[in-house]
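In this text, residue positions in the sequence shown follow this note's numbering: the first is 27, and each later residue adds one.
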Amino acid sequence: MPKRQGQKMRYPFHHLSLRGGGMPQSPYERYQERTSLLIQETLEDLECQPIFFVGTGMSKRYFNAPTWMELLKGVANYIGMSDPDFQYLRQKTNQSPIEIGTILEEKVFEWAWSTGKNSFPAEYFEDDSDRSLFLKHIVAQQIAGTSPTVAEIEGLELAEEINLLQKTNPHAIITTNYDNFLESVFGDYEAVVGEKVIRRDMNLIGEIFKIHGSMEDPSSLVVTGDDYKNYRTKKKYISAKLLTYLAEHPVFIFGYGLGDPNVTEIIQDIGEILGGPDKLIENIFYVEWRSDAATLTDFREEYVIGSEDSQLRVRAIVTDRFDWLFTRLSEQSPLKWVNPKLLRAISARFFKLLRTDIPKGGLEIDYDQLQSVADSDDELPKLLGIAKSESPNASHPFTLTAVGKQLGYNRWHTPRKLIEKARDEKGVDICKSDNQYHYAVPSGDGCFRRYSKEAVELLKKIRDNEAYNITL
């Protein structure tokens with residue numbers, strides 16, 4: 027059972043050096059600084075909230091959730107199987123959880139129809155009920171018994187870190203976990219379970235995609251060999267549905283071991299679309315927890331995912347805790363004070379208006395007002411009754427990604443290199459201040475960067491090796 031009460035862990039944040047507390051002293055602190063700046067640049071340039079991909083390791087960290095094998099052992103013990111008999115299953119299947127789950131499906135079914143009848147709802151015994159429901163019912167019970175409630179989260183050892191996680195406000199979360207921990211942390215987010223992901227409108231914000239099911243609906247759980255076959259059949263549709271998220275948002279992968287097929291298979295699907303083998307997918311960060319991270323002197327910058335025939339590279343983050351990482355992500359969150367449930371409702375209403383109400387007719391439409399909304403970034407907030415602060419959009423209309431497109435590139439990496447080239451050649455970093463080329467828009471404790479037409483013209487000259495001067 028998890029440790030839910032006790033003294034909360036307190037620790038000085040390593041990220042303090044990033045806020046003007048002096049130069050970092052250790053290799054780990056210097057690494058944190060480099061990584062934090064890279065995260066900041068990625069969030070600024072993509073101009074959208076991150077997507078979190080969350081695995082069992084996060085639940086294990088915060089409330090000692092069972093591993094997959096521990097969960098199966100709990101099921102075996104529940105139906106009276108001895109530890110030696112379960113050990114035999116592990117050896118017989120080469121410790122394959124999927125194969126063990128498939129064998130347990132049959133054993134739980136037999137137990138349910140003999141001495142275990144009182145442990146299940148009556149409808150499970152009807153002719154048209156799936157026999158795997160008996161196994162999944164016990165699995166859901168085991169998970170529910172370990173998942174902390176909202177009130178219990180406040181007493182967990184790492185409650186402060188969980189509070190920082192809550193403040194990150196990701197655009198959406200993708201998880202293979204069955205438990206409700208994420209729903210408890212992100213109370214205004216909506217869970218979307220299993221195949222419902224395929225039919226979901228991916229433009230909405232504040233959703234938790236539980237692609238392997240939820241303990242709230244035992245029939246949705248992916249546990250047995252047949253479940254995984256069905257999941258893999260539909261995985262390509264799920265991957266296609268998630269493509270926009272994984273291609274256009276910063277993505278942070280937490281709680282999965284390197285090589286976990288739950289992650290690698292989807293990333294490989296995305297990689298095939300984004301550009302083939304040996305490609306660095308620069309917006310995906312694979313977060314590896316290591317207890318000895320603070321003592322390391324050398325840190326990975328990338329991880330390789332896939333087989334020898336098809337390899338992809340993603341960015342690496344190595345850490346022994348997540349406080350500094352969550353802090354950096356929350357500093358860059360423009361949604362810090364906005365209710366995701368409200369945003370989701372507004373977004374859904376807009377899409378219904380555009381897709382259904384307007385095409386059907388019968389609405390009185392002010393086309394002049396619609397045109398003004400289309401032409402100006404300032405008009406829509408006024409229409410919605412949102413006070414919009416004075417914006418530099420008129421003089422600095424471009425994100426760095428948009429600058430890249432003005433230069434003929436698809437992403438932000440080339441203009442970033444051109445800015446660095448100008449810094450090296452002229453000794454002037456246009457991003458160090460607000461000027462005719464660059465403007466930093468405050469957002470929480472961080473900022474989003476905007477660039478002007480003058481910046482585009484400057485970078486064109488640098489790209490084409492023409493003479494140029496920088497006048498701030």
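Ideal Cβ placement from N, Cα and C applies to all residues, glycine included.
Counting other Cβ atoms within 10 Å of its Cβ, residue 160 reaches 16 or more and is therefore classed as buried. Rounded to whole angstroms, the gap between the alpha carbons of residue 254 and residue 491 is 55 Å.
Apart from the 5 residues on each side of it in sequence, residue 426 sits with its Cβ closer than 6 Å to the Cβ of 71, 438 and 441 in its chain, given in chain order.
For residue 444, the CB contacts under 7 Å within the same chain, skipping 5 residues up- and downstream, are 485, 488 and 489 in chain order. With a cutoff of 7 Å on beta-carbon distance, residue 352 and residue 201 are scored as not near each other. Residue 305 carries a strand assignment under DSSP once its states are collapsed to helix, strand and coil. Contact between residue 116 and residue 124 does not hold, since their C-beta atoms are separated by about 13 Å, which reaches or exceeds 8 Å.
For residue 138, the CB contacts under 6 Å within the same chain, skipping 5 residues up- and downstream, are 146 and 160 in chain order. Here residue 337 carries a strand assignment [DSSP, helix/strand/coil]. Restricting attention to alpha helix (DSSP H) runs no shorter than 4 residues, the region 197-277 encloses them at 207-211 and 251-274, ordered along the chain. One alpha carbon belongs to residue 433, the other to residue 482, and they sit about 7 Å apart.
Between the C-alpha atoms of residue 119 and residue 113 there is a straight-line separation of about 10 Å. Secondary structure note for residue 169: its alpha helix (DSSP H) is the uninterrupted segment 159-170.
Contact between residue 281 and residue 82 holds, since their C-beta atoms are separated by about 6 Å, short of 8 Å.
In terms of Cβ geometry, residue 342 and residue 244 do not form a close pair [threshold 7 Å]. When the five nearest sequence neighbours on each side are left out, the beta carbons in the same chain lying within less than 8 Å of the beta carbon of residue 328 are those of 306, 339, 340, 341 and 342, in order along the chain.
Within the DSSP secondary-structure output, residue 331 pairs in a beta bridge with 338.
Closest in alpha carbon position to residue 140, among 105, 308 and 287, is 105.
Counting only the Cα atoms, residue 80 lies some 15 Å from residue 92. In this structure, residue 295 sits near residue 265, with a CB-CB distance shorter than 7 Å.
For residue 325, the number of other beta carbons within 10 angstroms of its own is at least 16, and it is reported as buried. Rounded to the nearest whole angstrom, the C-alpha separation of residue 62 and residue 476 is 19 Å. Take residue 220, set aside five residues on each side of it, and the residues of its chain with a beta-carbon closer than 6 Å to its own are 239 and 246, in chain order. Residue 437 carries a coil assignment under DSSP once its states are collapsed to helix, strand and coil. Going by beta carbons, residue 292 and residue 198 fall outside the 7 Å limit. Under the criterion of beta carbons closer than 8 Å, residue 345 and residue 315 qualify as touching, at roughly 6 Å.
For residue 196, same chain residues with a beta-carbon under 7 Å away, outside a window of 5 residues either side, are 75, 76, 77 and 78 in chain order. With respect to the 7 Å criterion, residue 208 and residue 234 are classified as neighbours on the basis of their beta carbons. When the beta-carbon positions are compared, residue 162 and residue 249 come within less than 7 Å of each other. Comparing alpha carbon positions, the residue from 435, 455 and 479 closest to residue 421 is 479. Counting C-beta atoms within 10 angstroms of its own C-beta, residue 309 has 16 or more neighbours from the protein chains shown and is therefore classed as buried. Residue state for residue 105 is assigned as coil, using DSSP reduced to three classes. In the DSSP assignment, residue 134 falls outside any beta strand (DSSP E) and within the unbroken alpha helix (DSSP H) covering 123-138. Note on geometry: alpha-carbon atoms of residue 169 and residue 241 lie some 7 Å from one another. Judged by DSSP secondary structure, residue 482 falls within the alpha helix (DSSP H) whose first and last residues are 479-489. For residue 429, the enclosing alpha helix (DSSP H) has its first and last residue at 426-432.
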